[in-house]
Structures are given as C-alpha cells and as structure tokens.
Amino acid sequence: MSENADVAKRLEKFPAFDGFRGIGVVVVVFTHCPQVLDSSAYNAIWYANQLSRVGYIALDIFFVISGFFITRLLLRERAKTGRISFKDFYMRRALRIFPVYYLTVLACYFIFRLGPADMLSLLTYTFNFYHPLHAVPNPLEHTWSLSVEEQFYFFWPLLILIVAPGWLNVVTGRVIPLLAVASGLLMALLLINHEPREAGDVVYMSLFTRMLSLSLGGWLALREFENRPLRGWRCAALVVAALVILVIDRKGRDLGIITSQPVYWILALIAYSMVSVSFVATLVFDRGIVKRVMTAILSLSLFRGLGSLSLTRCMCFTCRYCFISASTMLRPMAPRCRSSRSRSLSALRLVCRSCLTICWKIRWRS
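Heads up, the sequence shown is in my numbering, so the first residue is 658 and it goes up one at a time.
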C-alpha cells in the first residue's frame, strides 16, 4: 500500500495535454459550425476535415485522454486510501460539467424551440442514443460525446474498485476493447436492414463502441502507474497499422466492397483508437525528441489557455453561435414579431455572457 502511495505521489503532470485540448476546442468548434451557421467558409473547413479525418481522430484522442486521467485519479485515490469516494468523484464531475452544459441547453431550447424528446435526451445525457435514430439538424449535435463521457463516468469508478488489481490490465487492455468491437459488429447485424446512415451513426455515437478508446486510455494510466511504459517502435507500429486500416476501409467503401456503414465505422474507430493510444503514450512515456517537440508546441500559452477551459466548457461558445444564428431569423419578420423576438434574444444574450464569464473565471478541477 505504501509503495503504491509513493508511486501515486510521483505521478507526472502533462501540460501538453492542456495545449492539445486547446487545439481540440478549435477543431470541434469549426467542425460543428456548419450545423449552426450557413457559411460557405465554415462548410469548406468542415469538408476539409471530413477528408483528412482530423476532427474524428482529435475526438478519439479526447476519449483516450479522458480515460487516462479519470483512471489515473481513481488509481491514485485507491492506492492512498484503499477505497474510492463515489460522492467526491461525482460531485467533481457535476461541478465541472453541469453548470455550463445546462445553461447552454436552456439557451438553445429558447432560441431553436427544441422538441420535448430532444430536450429529454439532452437533459438526461442520452443524446448519443437518441440522435442517431432521429437525425434532424440540432445546434447541440456535438454534445453526444458528452453523453458518452457522462455514461462512462457513471460506472467506471465502480469497475476500478471491484476489479482485482492483477486483472485490471487484462480487463482494460483486452476484455473491454474486444467487447467494444463485438458490440459494434452486433449492432451492424441488428441494424442490417436499417437506413445505412442512421445505422452508422448508432455505431459511431454509442457508448459501447466508444469504450474501445476510453478503456484503452485507462489501460495507459495503469501502465504508467505500474511503470510499464509504451513507447518507441510500438507507438510507431500502431500509427502505421492504423493508416493501413484507414486506407483499406476507405478504398473498400469506395469500391463497394464494404457496403455496411456500421462495419465501415467499426474499422475506422479501431484505427482512430490506435492513433490516439500512440499519441497519448508518446506524450506520457516517450523520452526522446518526438515528445520534446510535441510538448514544446502543445505547451504554448495560447493553446494551454484555451485548453484550460476543457472541451466541456467550449460548449459555451455554442451560445454565441446560437445567438448569431437566431439573429438572422429576425430579418424577414414583421416589426411587432421582431420586437418580441429581440427582447427574447436580449435575455438570451445575458445567458450567453453569463456562460462565458463562468467559464473564464471559475476553474473546476478534477
């Protein structure tokens, strides 16, 4: 116990991850802006992102980072105290996410008149299961990933607590990733006669398939905790293998060999997770020039400043996009309607500013 506690105290800090979060925030915002703004420039950026897959890989890296840091905290607490305080864990998660999230949902409800089913899924963090089967434009479409995160937070502490330490490596590094892939294949089979785009989105946004990256992030945390680094040729091999899978996946779909959207996304998610694990492992374990260069770039104050807000708090910017989009609705309205809507937007502008003020001035720490 004391030896583990000493290891826990020596856990290294990684400022470069804050920098990556800053870049990720920009990627997420520009990826989803076309969902809110009718802008050819933003749509061009969105199309370029689709071709390069940068946004998809960045999101997957977020999941690996989340699994890494959450597991890291839980392992350290268990090593120091012999237990995990579920109350403290869930309270920290609530203070970190709930205020800005629910203010954003409230603002979008009044601006876009979201339906009851949409609101229920957003309020209960089940949007990742609801939205793929009800694929209508939604200004909060990107919050499906937060639903995945919240569902992950719900059961992961219990798993870390009840699984014997000797089995954690196998469970997080093999069992759960294999179950995640199997769940995707099962969904592909169950949705074989479903509309292809919706079936693909179900696989892409599901907690079960996303556990592939979240669990591997936890596996990296366990390797760090046990001083078993993953670096060098292994990381390079993961990237090369991922590129091969992505090429096969894309060419297979273009040539009509891979006709199932769920199967296409399963292969893509496997490749994304391999790139993500290599990226995070390099920043955590590498001791050479690659890590130094990556750290120097990602530790720039501009990126770290954005990253300190975290991906969750970047949602406050959605309020501004919603306000801009809603403002364009005023133009064709009659003066009386425009006056009424203007008063509503003035109130919503206050909500948007409140969100931004909270984000900048309050630091919710894990």
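Each residue gets a CB set at the ideal place from its N, CA and C atoms; glycine is no exception. Being a predicted model, the structure only gives us computed values, none of them experimental.
Would you tell me roughly how many angstroms separate the C-alpha atoms of residue i and residue j, rounded to the nearest one?
i: residue 712; j: residue 706; result: 6 Å
i: residue 710; j: residue 783; result: 25 Å
i: residue 894; j: residue 866; result: 23 Å
i: residue 751; j: residue 779; result: 15 Å
i: residue 764; j: residue 753; result: 19 Å
i: residue 775; j: residue 864; result: 18 Å
i: residue 683; j: residue 802; result: 16 Å
i: residue 845; j: residue 932; result: 23 Å
Assign residue i to buried or exposed, taking buried as 16 or more other Cβ atoms, counted over all protein chains shown, within 10 Å of its Cβ.
i: residue 834; result: buried
i: residue 811; result: exposed
i: residue 824; result: exposed
i: residue 773; result: exposed
i: residue 785; result: buried
i: residue 799; result: buried
i: residue 891; result: exposed
i: residue 747; result: exposed
i: residue 962; result: exposed
Below 8 Å between beta carbons: does that hold for residue i and residue j?
i: residue 841; j: residue 828; result: no
i: residue 838; j: residue 927; result: yes
i: residue 735; j: residue 727; result: no
i: residue 874; j: residue 671; result: no
i: residue 756; j: residue 862; result: no
i: residue 809; j: residue 871; result: yes
i: residue 869; j: residue 930; result: yes
What are the boundary residues of the alpha helix (DSSP H) that residue i is part of?
i: residue 725; result: 711–738
i: residue 923; result: 918–942
i: residue 758; result: 743–769
i: residue 952; result: 946–955
i: residue 867; result: 864–882
i: residue 810; result: 801–819
i: residue 886; result: Careful: residue 886 lies outside any alpha helix (DSSP H) and carries neither H nor E.
i: residue 790; result: Note, residue 790: premise wrong, no alpha helix (DSSP H); not H, not E.
i: residue 671; result: Counting along the chain, residue 671 falls outside any alpha helix (DSSP H), and DSSP gives it neither H nor E.
(request) Would you be able to state if there are at least three C-beta pairs under 8 Å between the region 707–720 and the region 932–939? (result) yes
(message) Using a Cβ distance threshold of 8 Å, determine whether the region 881–889 contacts the region 848–860, with at least three qualifying pairs required.
(response) no
(message) Three or more C-beta pairs under 8 Å: does that hold for the region 761–780 against the region 789–807?
(response) yes
(message) Check whether the region 950–958 and the region 673–687 are in contact - that is, three or more C-beta pairs closer than 8 Å.
(response) yes
(request) Could you tell me whether the region 940–947 touches the region 913–920, where touching means 3 or more Cβ pairs closer than 8 Å? (result) no
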